[in-house]
Amino acid sequence: MSFGEIKNNTLDNAVGRGIFATADTATIDLGTIENNTINRVFPWYRLGMDLRCRFPSLAATMIRNRVIGDSFSNIDTAGGITVLSSGGNLSLAIGQDDPAVPGALTLGNSFEGNIGSAIRVELQDNGTGQLAIRNNTIISTIDDLDPTTSVAGDAIHVSLVSANSSADATAVLQSSTISGNVIGDDSDPLLPLVNEGSGIVVRATEETTVQDLFISENTITGNLGDGILFSRSDNAVVAVVNPVTGQIHGVTINGNTITGHAGNGIAVAASGGNATQVGVELRGQRPHAGPAERNRPADCRRCRPCGRSQPQPG
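The opening residue of the sequence shown carries number 4 in this note's numbering; numbering runs sequentially from there.
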């Protein structure tokens, strides 16, 4: 099943999903999904884009879309983009860099007010995938308060897990990039547009593998979880296979601006396996003071890692 493009649509309050594609044992190539507005401000309207495929492949490029939810008016609002790929190969681009103005957000997507996650990608079972998540703007993502889900108000959540098989997952994430995204905005302390979970989450579980992942040049501000969380558990492996210039570890977290989080700026968690399977390099991050820190009186002391302050006892 192949499409050239899905373009220039306004999808207001569709029951269920704005854009939905699903297939078993089929190839789905959605081409370019561009300049669509998916607006879910009334009750019962849920997911923005929902793409699901089992064998052999799923491909899509998403640019300049606006995916908007409203948890106050519509408690049924769900995630922004959800992609579940089991088996086969996933090739997914969410946002692109603008060749005319490198680093600009012109070809990115914008997400606001989604519940659970703004961008959620699951590589399931024994599939492979390549992701490029670039130059998107993500604000005001809400925790779904559902203990059965792995998302909790995260802006970007990528996981490698089992879903349709009783065997441990062996999925592989290859040569992927998460870069240039603007996640959270606390520039107005009276109206912070922050995400209730973490900015970027990548989870590798069971027997899965993460190869040559770059998380770079993102601006991540004021979220209530961690800025960036990378988690490797069980016998999951981080590996260098086809590194770009300067890459010496399987996961490189480089040149991000991270500030004002209630949790950690960057958290790396590893359990199970052995020490040679961690393989994460942190370099060149740019800590930047948020509003609370910029306005900190001289007689205040930091009481939390996020930079919030309280008066020094007299």
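C-beta atoms are modelled at their ideal positions from N, C-alpha and C, and glycine is treated no differently.
None of these values were measured; they are calculated from a predicted model.
Look at residue i and residue j and say whether their C-beta atoms are less than 9 Å apart.
i      : j      : result
Asn221 : Val185 : yes
Ala129 : Ala158 : A small correction: the amino acid at residue 129 is Asn; Ala does not occupy that position in the sequence shown. The answer is no: Cβ separation not under 9 Å.
Ser120 : Thr85  : yes
Ala107 : Ile136 : no
Ala55  : Thr25  : The displayed chain sequence assigns Arg, not Ala, to residue 55. Yes, these two residues count as a Cβ contact at 9 Å.
Gly90  : Arg57  : yes
Val164 : Leu126 : yes
Asn340 : Leu227 : Outside the modelled stretch of the chain, which goes from 4 to 317, sits residue 340, for which no answer is possible.
Thr152 : Gly83  : no
Ile162 : Gln133 : One point to set straight first is that residue 162 is Ser, not Ile, in the sequence displayed. No, they are not a contact pair.
Ile118 : Asp146 : yes
Ala63  : Asp101 : no
Thr131 : Gln177 : yes
Gly202 : Ile261 : yes
Gly276 : Ile223 : no
Leu216 : Thr180 : yes
Leu110 : Gly98  : yes
Val243 : Gly287 : no
Ile66  : Ile36  : yes
Return the first residue and the last residue of the beta strand (DSSP E) that residue i is part of.
i      : result
Arg286 : Val283 to Arg286
His160 : Asp157 to Val164
Arg69  : Arg69 to Gly72
Glu125 : Ser120 to Gln127
Ala272 : Ile269 to Ala273
Ser215 : Note on identity: in this sequence residue 215 is Asp, with Ser being the wrong assignment. Where Asp215 is concerned, the enclosing beta strand (DSSP E) stretches over Thr212 to Ser219.
Asn92  : Asn92 to Ile97
Gln177 : Val175 to Ser182
Gln133 : Thr131 to Arg137
Ser88  : Ile84 to Ser89
Ala239 : No beta strand (DSSP E) contains Ala239, which DSSP labels as neither H nor E.
Asn117 : Run containing Asn117: none; DSSP gives neither H nor E here.
Asn11  : Segment: none, Asn11 is in no beta strand (DSSP E) and carries neither H nor E.
Asn257 : Val254 to Asn257
Val154 : Unbroken run through Val154: none, as it is neither H nor E.
Val204 : Ile203 to Ala207
Ile145 : Note, Ile145: premise wrong, no beta strand (DSSP E); not H, not E.
Ile251 : It is not in any beta strand (DSSP E) - Ile251 carries neither H nor E in the DSSP assignment.
Thr109 : Here Thr109 belongs to no beta strand (DSSP E), and DSSP marks it neither H nor E.
For my contact list, residue i and residue j are in at a C-beta cut-off of 8 Å; report their separation, rounded to the angstrom.
i      : j      : result
Ala273 : Arg235 : 5 Å
Asn267 : Gly230 : 7 Å
Gly72  : Gly116 : 4 Å
Asn138 : Gly183 : 4 Å
Asn259 : Ser219 : 7 Å
Val213 : Val247 : Actually they are not in contact, since the Cβ atoms of Val213 and Val247 sit about 15 Å apart, beyond 8 Å.
Ile9   : Asn39  : 7 Å
Glu284 : Ile251 : 7 Å
His264 : Val204 : Actually they are not in contact, since the Cβ atoms of His264 and Val204 sit about 13 Å apart, beyond 8 Å.
Asn11  : Asn68  : Contact flag wrong, Cβ pair sits at about 10 Å.
Less than 9 Å between CB atoms is the rule here; does residue i satisfy it with respect to chain B?
i      : result
Gly228 : The question asks about chain B, but that chain is absent: this structure has only one protein chain.
* Segment contact, 8 Å Cβ cut-off, at least three pairs: the segment 232-252 with the segment 190-197 -> Counting Cβ pairs under 8 Å, fewer than three are found: no touch.
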